[in-house]
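In order, the protein sequences belong to chains E and Z. Following full-length UniProt numbering, the numbering of the first sequence begins with 1 at its first residue and continues without gaps. Following full-length UniProt numbering, the numbering of the second sequence begins with 1 at its first residue and continues without gaps. Cβ atoms here follow ideal geometry from the backbone N, Cα and C, with glycine treated the same way. These figures come from a predicted structure and were not determined experimentally. Here's the structure, in structure tokens; my notes come after.
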Amino acid sequence: MIALEKRPAPSRAWSMATPFLAVLLTMIAGGIMFAILGKDPFAAIRTIFYDPLFNAQFASYSRPQLLVKAGPLILIAIGLSLGFRAGIWNIGAEGQYIIGAICGAATGLAFYPMESWIILPLMIIAGALGGLLWAMVPALLKTLFNTNEILVSLLMVYIAEQLLAAMALGALRSPDGGGFPGSRNLQQYPSAHNAELIAGTGLHLGVIAALIAVIMAYILLSRHMLGFHIQLAGSAPKAARFAGAKPGLLVVTCMGISGGLAGLAGLFEVAGPAGQISIDFNSGYGFTAIIVAFLGRLNPIGILLAGLLMALTYIGGELAQFTLGLPAASIQAFQGMLLFFLLGVDMLTNFRLRWKTKGAV
Amino acid sequence: MSPLFSANGLTKAYPGVIANEDVSFEIGTGEIHALLGENGAGKSTLVKTIYGLVKPDSGEMTLNGAPFAPPEPRAARSAGVAMVFQHFSLFEALDVAENVALGMENPPKPRALAQRISEVSAAYGLPLDPHRTVGDLSAGERQRVEIIRCLLQDPRLLIMDEPTSVLTPQEVDTLFATLNRLKSEGTSILYISHKLEEIRALCDAATILRRGKVVGRCDPRESSARELAEMMVGTALHRPERDITPPGAPVLEVMNLTLPPASAFGTALKDVSLTVRSGEVFGIGGVAGNGQDELMAALSGERRTDHAAICLDGAGIGALPPRDRRALGICSAPEERLGHAAAPDMSLTQNAMLTGAERRELTRGGFLNWGKSREFAEEVIERFDVRTPGPEEAARALSGGNLQKFVVGREILQSPRVLIVNQPTWGVDAAAAAAIRQALLDLAAGGAAVLVISQDLDELMEIATSFAALNAGRLSEPHPMTELSLDDIGLMLGGMGAETGETAA
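What follows is the structure, given as structure tokens:
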């Protein structure tokens, strides 16, 4: 019989090793799944993890995609991780991402066709504010009425999606679009375009913002009183209150930061790679970022690496879909396995396994 | 007369520590047998062995002449061994009868059970209404629920683990009457305590444990408390010394503080007033759950009150949050070490930052200076003899006594003007407890105002200069400790005024 035994102190070695172990287990279990689907598991794993970066035929397209996809994931996950560390569960980053995109795009389009350097900065502010305000709804409901922020933030996603559709069909629909849904393409509006900074790399302002967020979060958590209180609130809420952390303020701050960063990610996406507000603008970054945050162990550096890995499985997954004909659902299941195994092996940091013979106790 | 129970050479080792080593003793039929020892002496392991919760590495036991090796508590219960734990396992939202039924193998029908509970409680002088909700009961009444649950099984041997730690002196008398009655009916009782006076008053025989070994057997009625204590500790005890200095000016004042309970099972504070002077140790006694936690939260700033209800040097501070109060010199150490006074998974360095940031200037402009915090943690470890590999150790890896020394030391080394401590030596061994009490006295001697909330009357009698009792959220009139007799204190704890104390004054 296997017994779990609590370690006297969390194991640092296991805390480093579990993400790698989880990736390995995902490859094995995913390989079995692909084999059952009748595909060559080794080819599938290779297509997902290796080809996007090094395959001569696809890499020139897919390599820049790595930063394009990782940027928003990291930006959102960094914000979420602050709340998760404090035990504040913002599940609605997807909605904050949408609202950030709508607010930012609307700001830019309001100036069309004027050209000025000030337009993109204004859009960035509007995008961050939009996401922040959307996150304030669950935050204030929680602090004032003690509602559950998980439910409220999640349900706000569906409201945001409806709003997005209404915008694409109504207020923000392009007058020159011949009645088709969708806004003007911001890529064709230079003052509002979040362009690639170095051609062919996928590096745009959003990626820079993500890197800054990683550094700021790292400093906040390791060196600042607010970060210390965030960690205290998550690991020992009574001790946090005793230390003088204000629970309500932490909820508002953490939700505000995560909402603002998700809004920023949405703005950079709509003004850059996506280009326009459309009915299906959002592609699940806000939800995948939850996986990224945990895969990175809620640690800023970990999230940076996890975001890149997750982006790789996205790009590799798409590649595997059209080169090997793998169903899209199997790629999603593959990504789900990653979180499943991560949480599963996570207990090894706090517990050790022991074999027990029955009757010896 | 052959013994009811005997243990022969019981040994149980855990990794790194031998909890019991070659322990042998006997309990006669109808005997109240004391098991005496400090925290960590191996008492708990021993009774858990008898109750079937721990399997010994070697040695055997007999019950009624037959070999006895219960693999689990159920087997021990069916053999006639029952146990009342120190920490109750009761559901607050259920009533007495439902709680009793949950602990039985084959509970009778609810109505019959309620009838039985009433009968047993009347027969043994333990008044208890089977239909009351446990959440509304006092600690003494909750203990009665546990005792009656045991008595319904007609035990041959009843084990009681520190039963009086939560009782008022009057409730202790009721309990002793019940135990003597059980004894006269032939039930044997294994009584675990470190309170020497009550063992001398109650028990027929005593086995003394130190570091897992039996170091003595005696008839407690023929030994002095001092002899028992020295056998238990192994060395001569020294009592904390205190200078009798007249208290100075009022530092901390609480005026007519009324506070609703924080939770459904909390206690409201009603019109609490007190004054702690410079150089004074003000002791607040009372059984847990009478408003101690609420008073602590109001004083530390975890709960805000009317601004003028709490004053420091005459200025209102009731609406200030904890960090502002610390900056003004009010430090506190709550009862629950792990999870409240300290974060279990964080290192001692991080836990030093937890309250030390303001007064020890461990931060600058909101940024944390971990190097300074580490130095502060090292200072606490050294000055208060905290046994730990170093300041990077997680708080939860420390033993209870060592963590308590760290928590109290962390506050004292901030040189507070006012220190509020709840249960400063709960679960701490005698040597560490003496060190903590001495440190509190030294702090007061240096001019600080010290407020000690404790359930341990011996402790308060030892260190407090003034005493007041907290009962159902009301604080009694304070009296100088020297003018109070044990009976006065008992009456104060029960919610009556200490009339004799006043006439004596």
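Going by the beta-carbon positions, is the gap between residue i and residue j smaller than 8 Å?
i                      : j                      : result
residue 68 of chain Z  : residue 79 of chain Z  : yes
residue 74 of chain E  : residue 266 of chain E : no
residue 102 of chain E : residue 164 of chain E : yes
residue 287 of chain Z : residue 454 of chain Z : no
residue 367 of chain Z : residue 184 of chain E : no
residue 356 of chain Z : residue 376 of chain Z : yes
residue 202 of chain Z : residue 36 of chain Z  : no
residue 172 of chain Z : residue 128 of chain Z : no
residue 315 of chain E : residue 62 of chain E  : yes
residue 354 of chain Z : residue 383 of chain Z : no
residue 108 of chain E : residue 189 of chain E : yes
residue 245 of chain E : residue 229 of chain E : yes
residue 125 of chain Z : residue 174 of chain Z : yes
residue 62 of chain Z  : residue 493 of chain Z : no
If I measure Cβ to Cβ from residue i and keep anything under 7 Å in the same chain, skipping five residues before and after, which residues do I get?
i                      : result
residue 254 of chain Z : 272, 273, 274, 309 and 310
residue 14 of chain Z  : none
residue 80 of chain E  : 90, 93, 258, 289, 290 and 293
residue 162 of chain Z : 86, 192 and 193
Listing by chain order, which chain E residues have their CB less than 7 Å from the CB of residue i?
i                      : result
residue 345 of chain Z : 10 and 235
residue 334 of chain Z : 242
residue 300 of chain Z : 242
Just the C-alpha distance for residue i and residue j, rounded to the nearest angstrom, thanks.
i                      : j                      : result
residue 460 of chain Z : residue 468 of chain Z : 10 Å
residue 6 of chain E   : residue 347 of chain E : 9 Å
residue 258 of chain E : residue 325 of chain E : 37 Å
residue 200 of chain E : residue 194 of chain E : 14 Å
residue 56 of chain E  : residue 43 of chain E  : 16 Å
residue 10 of chain E  : residue 347 of chain Z : 11 Å
residue 407 of chain Z : residue 396 of chain Z : 12 Å
residue 7 of chain Z   : residue 319 of chain Z : 59 Å
residue 338 of chain E : residue 293 of chain E : 12 Å
residue 26 of chain E  : residue 219 of chain E : 32 Å
residue 352 of chain E : residue 335 of chain E : 27 Å
residue 491 of chain Z : residue 415 of chain Z : 36 Å
residue 321 of chain E : residue 20 of chain E  : 25 Å
residue 191 of chain Z : residue 11 of chain Z  : 21 Å
residue 123 of chain E : residue 159 of chain E : 22 Å
residue 73 of chain Z  : residue 199 of chain Z : 26 Å
residue 268 of chain Z : residue 249 of chain Z : 29 Å
residue 64 of chain E  : residue 203 of chain E : 7 Å
residue 34 of chain Z  : residue 182 of chain Z : 15 Å
residue 21 of chain Z  : residue 213 of chain E : 58 Å
residue 176 of chain Z : residue 186 of chain Z : 15 Å
In chain Z, what lies closer than 7 Å to residue i by C-beta?
i                      : result
residue 244 of chain E : 321, 322 and 323
residue 93 of chain E  : Here the premise fails: no neighbours, minimum Cβ distance about 27 Å.
residue 129 of chain E : Chain Z residues near residue 129 of chain E: none, gap ~24 Å exceeds 7 Å.
Short of 6 Å in beta carbon distance, which residues of its chain neighbour residue i, apart from the five on each side in sequence? Order them along the chain.
i                      : result
residue 428 of chain Z : 401 and 404
residue 88 of chain E  : 251 and 254
residue 299 of chain Z : 420
residue 169 of chain E : 181
residue 502 of chain Z : Here residue 502 of chain Z scores only 39 on pLDDT, less than 50, and its place in the model is too uncertain to base an answer on.
residue 221 of chain E : 227
Leaving out five residues on either side along the sequence, give the residues of the same chain with a beta carbon under 8 Å from the beta carbon of residue i.
i                      : result
residue 150 of chain Z : 82, 83, 84 and 158
residue 117 of chain E : 191
residue 176 of chain E : 184
Whole-angstrom Cβ separation of residue i and residue j, contact assumed at under 8 Å?
i                      : j                      : result
residue 303 of chain E : residue 296 of chain E : 3 Å
residue 286 of chain E : residue 94 of chain E  : 3 Å
residue 179 of chain Z : residue 228 of chain Z : No, residue 179 of chain Z and residue 228 of chain Z are not in contact; Cβ-Cβ is about 19 Å, not under 8 Å.
residue 38 of chain Z  : residue 160 of chain Z : Their Cβ separation, rounded to whole angstroms, is 18 Å, which puts residue 38 of chain Z and residue 160 of chain Z out of contact at 8 Å.
residue 291 of chain Z : residue 470 of chain Z : 5 Å
residue 259 of chain Z : residue 305 of chain Z : 6 Å
residue 214 of chain Z : residue 24 of chain Z  : 7 Å
residue 135 of chain E : residue 96 of chain E  : 5 Å
Residues of chain E with CB under 8 Å from residue i, in chain order?
i                      : result
residue 353 of chain Z : 228
Residues of chain E with a CB under 9 Å from the CB of residue i: which are they?
i                      : result
residue 340 of chain Z : 236, 238, 239, 241 and 242
residue 467 of chain Z : None at all; the shortest Cβ gap to chain E is about 26 Å.
Mind pulling the chain Z residues with CB within less than 8 Å of residue i?
i                      : result
residue 225 of chain E : 357, 363, 366, 367 and 368
residue 232 of chain E : 343, 346 and 354
(request) Please name the residues in the region 39–52 of chain Z whose beta-carbon is closer than 9 Å to at least one beta-carbon of chain A, in chain order. (result) The displayed structure is made up of protein chains E and Z, and chain A is not among them.
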